[in-house]
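**Student:** 64 is the number of the first residue of the sequence shown in the numbering used here; add one for each residue after it.
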Amino acid sequence: MTAQLDRNKDLVRRLYATLHGGGDFETARALVAEDYLDHDLPGIGEGGRDALFALVAGVREAVPDVRPSVVQAVAEDDLVACRVVAEGAHTGAPFPPGIPASGTRLRWQECHVYRIADGRIAEHWGVNDMLAILTQLGVIPAPG
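#1: Per DSSP, which one or two residues make a beta bridge with residue 177?
#2: Name the DSSP bridge partner or partners of residue 168?
#3: Within the same chain, show all residues whose beta-carbon is closer than 7 angstroms to that of residue 153, passing over the 5 residues directly before and after it, in chain order.
#4: Quick one: Cα of residue 72 to Cα of residue 206, how far?
#5: With a Cβ-Cβ cutoff of 8 angstroms, do residue 187 and residue 83 count as a contact?
#6: Quick test of the definition: if touching needs 3 or more C-beta pairs under 8 angstroms, does the segment 142-158 touch the segment 109-129?
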């Protein structure tokens with residue numbers, strides 16, 4: 064069982080390296096189920112793999128040098144939970160929507176849970192630290 068859990072964690076790490084960090088959508092097609100289901104990311108829901116790829120493309124347009132790193136991953140049964148730290152400069156398209164490029168270097172954290180089925184990422188739950196992003200962009204004041 065340990066070998067399978069390690070393969071599942073590696074699959075999630077490869078997703079971040081190829082898709083989120085590398086923008087290699089073709090390679091990522093083999094990692095994500097076509098009927099991928101997202102429970103938390105806006106605009107994806109039951110839109111499948113293509114909806115996920117469209118969202119990632121939008122983030123990469125806004126932060127072209129985005130570099131996410133999976134800093135922790137824990138696996139149990141068919142689930143992988145991970146903590147991600149992402150960094151990059153806000154130099155491209157408006158992000159979040161309506162906020163023009165600022166040149167600001169951003170750093171934020173994310174927490175995700177993925178369900179693996181048949182060797183592919185099939186389902187996702189997760190959160191991004193939008194407070195950190197909006198604070199760094201000067202959209203809202205820093206807490207305190």
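Even for Gly, the Cβ is constructed at its ideal location relative to N, Cα and C.
**Tutor:** The structure says:
#1: Position 114 of the sequence shown, counting from 1, holds the residue named residue 177. As computed with DSSP, residue 177 is found in a beta bridge with 143, 187.
#2: Counted from its first residue, the sequence shown places residue 168 at position 105. Residue 168 pairs with 152.
#3: Your numbering for residue 153 matches position 90 in the sequence shown. The answer, listed in chain order, is 125, 126, 164, 165, 166, 167, 169, 200.
#4: The residue you call residue 72 lines up with position 9 of the sequence shown. The residue you call residue 206 lines up with position 143 of the sequence shown. Residue 72 and residue 206 have their C-alpha atoms some 34 angstroms from each other.
#5: Within the sequence shown, residue 187 is the residue found at index 124, counting from 1. Within the sequence shown, residue 83 is the residue found at index 20, counting from 1. Contact flag unset, no.
#6: Yes, they touch.
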